[in-house]
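Presented below is the structure to which this report refers.
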Amino acid sequence: KKVMYNTALHAEFLHDHKGYGFDVDIKAFDWRRIKKSRDDYIKRLNGIYESNLEKSQVEKIEGHGILTSDKTVEVNGQKYEADHILIATGGRPIVPNIPGAEYGITSDGFFELEDLPKKVVVV
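Numbering (full-length UniProt numbering), first residue to last: 1 to 123.
The following block contains the structure:
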């Protein structure tokens, strides 16, 4: 989200630049380049998170889990005990149950678009 926020901020600055004495020709916006920048940023952050977990000697267990006590988690049928248990569930967008929702896309789908839409509505 940070990359896209900064992109929008720069677009606003460029839109207002003449009012501040700048005369700059804006030739184009490269949607594919900003998508790549966003993907690279996310990949780099995920690498940093993984590295920090490894340095802290955190054991990463992937799967569906159930907390069975304050120090026990069961993941895919196997029990693990620890003084500290971190459950990182991740996140997925929720599509609202409203008329016309089937015509929309989530933010994940938006960043899969090959071409930038001429207009976008955010709900």
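Every residue, glycine too, gets a C-beta built ideally from N, C-alpha and C.
A quick note: this is a predicted structure, and the numbers were derived from the prediction, not measured.
Query, Result
"Enumerate in chain order the residues of its own chain whose CB-to-CB distance from Val75 is below 6 Å, with the five nearest sequence positions on each side excluded.", "Ile61, Gly63 and Gly65"
"Quick check on DSSP: helix, strand or coil for Glu74?", "strand"
"By DSSP, does Ile42 sit in helix, in strand, or in coil?", "helix"
"With H, G and I counted as helix, E and B as strand and the rest as coil, what does DSSP make of Ile26?", "coil"
"Straight-line CA distance for Ile98 to Asp83?", "44 Å"
"Rounding to the nearest angstrom, what Cα-Cα distance links Arg92 and Gln78 in this structure?", "26 Å"
"Return helix, strand or coil for Ser56, following the three-state DSSP convention.", "coil"
"Look up Leu67 in the DSSP assignment and say whether it is helix, strand or coil.", "strand"
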